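Here our numbering runs 66 ahead of the position in the sequence shown, where the first position is 1.
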Amino acid sequence: MADKLTPFEIMRQLVSFPTVSSDSNLPLVDWVEGYLSAHGITSHRYTDPDQPKAALFAHVGPQIEGAVVLSGHTDVVPIEGQDWDRDPFTVVELDGKYYGRGTCDMKGFDALAIWALVEAHSRGVSRPLQLALSFDEEIGCTGAPPMIEAMQPLLPKGSAVIVGEPSMMQAVAGHKGGQGYRTQITGFEVHSSLMHTGVSAIMQGARLIDWANLRNAENMAKQPGDIAAMFDPPFTTCHVGMIEGGTAHNITAKDCHFMMDFRVVPGEDAASWRDAYLAEVRRVETEMQAVHPDAKIEISKVFDVPGLVPESDGEAETLVRSLTGDNGSHVVSYGTEAGQFQHAGYSAVICGPGDITQAHQPNEYVTVAQFNAGHDFMQKLVQRLMA
Numbered sequence: 067m068a069d070k071l072t073p074f075e076i077m078r079q080l081v082s083f084p085t086v087s088s089d090s091n092l093p094l095v096d097w098v099e100g101y102l103s104a105h106g107i108t109s110h111r112y113t114d115p116d117q118p119k120a121a122l123f124a125h126v127g128p129q130i131e132g133a134v135v136l137s138g139h140t141d142v143v144p145i146e147g148q149d150w151d152r153d154p155f156t157v158v159e160l161d162g163k164y165y166g167r168g169t170c171d172m173k174g175f176d177a178l179a180i181w182a183l184v185e186a187h188s189r190g191v192s193r194p195l196q197l198a199l200s201f202d203e204e205i206g207c208t209g210a211p212p213m214i215e216a217m218q219p220l221l222p223k224g225s226a227v228i229v230g231e232p233s234m235m236q237a238v239a240g241h242k243g244g245q246g247y248r249t250q251i252t253g254f255e256v257h258s259s260l261m262h263t264g265v266s267a268i269m270q271g272a273r274l275i276d277w278a279n280l281r282n283a284e285n286m287a288k289q290p291g292d293i294a295a296m297f298d299p300p301f302t303t304c305h306v307g308m309i310e311g312g313t314a315h316n317i318t319a320k321d322c323h324f325m326m327d328f329r330v331v332p333g334e335d336a337a338s339w340r341d342a343y344l345a346e347v348r349r350v351e352t353e354m355q356a357v358h359p360d361a362k363i364e365i366s367k368v369f370d371v372p373g374l375v376p377e378s379d380g381e382a383e384t385l386v387r388s389l390t391g392d393n394g395s396h397v398v399s400y401g402t403e404a405g406q407f408q409h410a411g412y413s414a415v416i417c418g419p420g421d422i423t424q425a426h427q428p429n430e431y432v433t434v435a436q437f438n439a440g441h442d443f444m445q446k447l448v449q450r451l452m453a
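Rendered as structure tokens:
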């Protein structure tokens, strides 16, 4: 049987694979599969039919339901345009920090989870432990749903999922949902001196963006409900981060495209935000076509991530609190795969080492203290599963 690697050694290996979301993660999956196999653990894959990527999941302990599931993603964000002081794909320890792309978000947790799975298998546990490593989390959490579906017929159903996004090892019990809609506007080009005879895709797109501004102002002015009040900001937000289009300054723009995304407070009807946006799109499109019939607006959904709703006495949160001693109430405004596990019938919570402010940053790091706290958590978890 192969030697056991330490959590740091596993993290160093994982970070060495440049699994940017635009590229394959198969070399990493191959390595993890081989490492688990060398320790007598059978793993399973969900392979994406349209791209060279795969999710990996495994089960150790008795073949019964009720496992604790350690969930992480294998992809990282790009390094292009970022000013790194060192090789992003080599872990460097300096001044009490482990530097490297993914050390914080979230290969540090992945390494700890892999370590825990091997440890639980070798020591023997009374309650099973599962590992679930997804792909394409960074481009809208699109890889987790098919992975979760693939897990159902192959593994006994787990009951408590710990999603290891960086939370400073606090138990985060809720997060907003997310929806993203690619908006492609086609106008009609004329010289800008005759703009009334043409349709500017950019100027019509600006109307949709201003609709988002108005919705944000309305939401900000409302008295938040009990769940919304837990978040910062305490309301659903509409946002456009990038916009492209146009040919020249003196021509009405033929094309314009952007992403409209919504961060929806748990408990609100996410579909109602979609419907409201589509209604505004159709209204603007009708006015465009009154000027020229070829003008149009096309909408396509890019991602749709359910929120994580705080659970009353949730099993996952209760377990994490008992291991960390954290008794605070924590929610976040970004989305994770925890809401997708909850939607599939699991109790879910977020808990992982590191500070979310380090995620996606140049010179990304997780502190040695946080990584060690994650290791301590996993040791306690394995011991708990043996009881």
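Here a beta-carbon is modelled for each residue, glycine too, at the ideal position from N, C-alpha and C. All of these numbers come straight from a predicted model, not from anything done at the bench.
The Cβ atoms of V306 and A278 lie closer than 8 Å to each other. Under the DSSP assignment, S137 falls outside any alpha helix (DSSP H), being part of the beta strand (DSSP E) whose first and last residues are 134 to 139. Rounded to whole angstroms, the Cβ separation of G440 and V415 is 15 Å, and the two are not in contact under 8 Å. Closest in alpha carbon position to V256, among A124, M217, T313, is T313. By alpha-carbon distance to E364, the top candidate from V375, T352, V371, L374 is T352. G401 sits away from P232, with the two beta carbons spaced by 8 Å or more. DSSP places Y247 in the strand class (E or B) of the three-state scheme.
If the five residues before and after L94 are omitted, its C-beta is found closer than 8 Å to the C-beta atoms of L80, F83, T85, T140, all from its own chain and listed in chain order. Bounds of the alpha helix (DSSP H) holding I76 are 73 to 81. A contact is defined here as three or more CB-CB pairs under 8 Å, and the region 205 to 223 fails this definition with respect to the region 384 to 399.
If only complete runs of 3 or more residues are kept, the region 144 to 170 shows the beta strand (DSSP E) at 158 to 160, 163 to 165, in order along the chain.
Within the DSSP bridge table, the entry for H257 names I317 as partners. By the beta-carbon neighbour count (other beta carbons within 10 angstroms, threshold 16), A68 is exposed.
Here V448 carries a helix assignment [DSSP, helix/strand/coil]. DSSP places K367 in the strand class (E or B) of the three-state scheme.
The region 207 to 215 and the region 402 to 411 touch, with no fewer than 3 CB-CB distances between them shorter than 8 Å.
Following the DSSP letters along the chain, one finds E430 in no alpha helix (DSSP H), marked with neither H nor E. Sorting G240, V191, A319 by C-alpha distance to the C-alpha of D292 places G240 at the top.
The C-beta separation of S137 from G230 comes to about 7 Å, placing the pair in contact by the 8 Å criterion.
Residue G333 holds the alpha-carbon nearest to the alpha-carbon of G244 among V158, S258, G333, D276. DSSP places G311 inside the beta strand (DSSP E), whose first and last residues are 309 to 311.
Q148 and D360 have their C-alpha atoms spaced approximately 41 Å apart. By the criterion of at least three beta-carbon pairs nearer than 8 Å, the region 121 to 133 is not in contact with the region 143 to 162.
Close CB contacts of L178 within its chain, under the 7 Å cut and outside five residues either way in sequence, are with P73, G440, H441, M444 (chain order).
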